[in-house]
Amino acid sequence: DAKTTQPTSMDCAEGRAANLPCNHSTISGNEYVYWYRQIHSQGPQYIIHGLKNNETNEMASLIITEDRKSSTLILPHATLRDTAVYYCIVRSHSGSARQLTFGSGTQLTVLP
Amino acid sequence: GAVVSQHPSRVICKSGTSVKIECRSLDFQATTMFWYRQFPKQSLMLMATSNEGSKATYEQGVEKDKFLINHASLTLSTLTVASAHPEDSSFYICSAPRVGGPNNEQFFGPGTRLTVL
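Sequences listed follow chains C and F, in order. According to my numbering, the first sequence is numbered sequentially starting from 44. According to my numbering, the second sequence is numbered sequentially starting from 452.
Here it is as structure tokens:
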């Protein structure tokens, strides 16, 4: 699976959009971009994933650049409960029972 | 949605004790489950892959005789930390992929905090 690079930490004001970047310059054509988050002392939680088109669900939006070498997770209206470590993971769907490889992630702190 | 549970959520034990952690997929079957370990302020590290009906596969550096894995059924995997020592204190998390699901996502348990005195 391709390696990802994320900023170590970010702050965001409550109610504002949180934009979390991820670089995955070595991504291959069959690899998807997945985002998970981990609230302190809990298991990780799936947020969203995409291949090349932008995606949106009830939690977030995912913007993937045209060359697919980077992406941005957008939380449109951050709340205090969104404070967590956000992990950007690249993986292929083939053999979808494969494990996830977690990098260091981005610690997002939503400030009141 | 799919849920993965873990039991216990927290355990404190004396050095030399064996500790068993259960991981259950509650509304789907999982032929494969994963066990991760997370030390404070670090990321999740894969320890082993639990396979229903066959032996677990371990990541490099993980002692199979110390971290015993049994995938007893399609909804249950157990991790036993044999003769636990203080350095085994960590947050243990299991996950189960729902193969063929709409997002090919993995569902994670809430984790088990192990403290070895």
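All C-beta atoms, glycine included, are put in the ideal place defined by N, C-alpha and C.
Is the beta carbon of P50(C) sitting closer than 7 Å to the one on T115(C)? One thing to note: P50(C) has its Cβ no nearer than 7 Å to the Cβ of T115(C).
Under 8 Å by beta carbon: chain F residues contacting G93(C): Here the premise fails: no neighbours, minimum Cβ distance about 10 Å.
Is E556(F) closer than 7 Å to Y130(C) when the C-beta atoms are compared? no
Can you list, in chain order, the residues of its chain with a C-beta nearer than 8 Å to that of H92(C)? Leave out the 5 residues immediately preceding and following it. These residues qualify, in order along the chain: Y75, V76, Y77, W78, E98 and L105.
What distance in whole Å lies between the Cβ atoms of F479(F) and R549(F), which are believed to be in contact at a cut-off of 8 Å? 5 Å
Where K492(F) and R80(C) are concerned, what is the direct C-alpha to C-alpha distance, given to the nearest angstrom? 14 Å
Over the uninterrupted beta strand (DSSP E) stretch that includes Q557(F), give me the two end residues. For Q557(F), the uninterrupted beta strand (DSSP E) run begins and ends at Q557 to F559, by DSSP.
Please report the residue range of the beta strand (DSSP E) in which R134(C) lies. A127 to S135
Using only CA atoms, which one of E503(F), F558(F), G512(F) and H536(F) lies nearest to S524(F)? E503(F)
Check whether chain C comes within 7 Å of E556(F), counting only Cβ atoms and requiring the distance to be less than that. Contacts with chain C at 7 Å (Cβ-Cβ) include E556(F).
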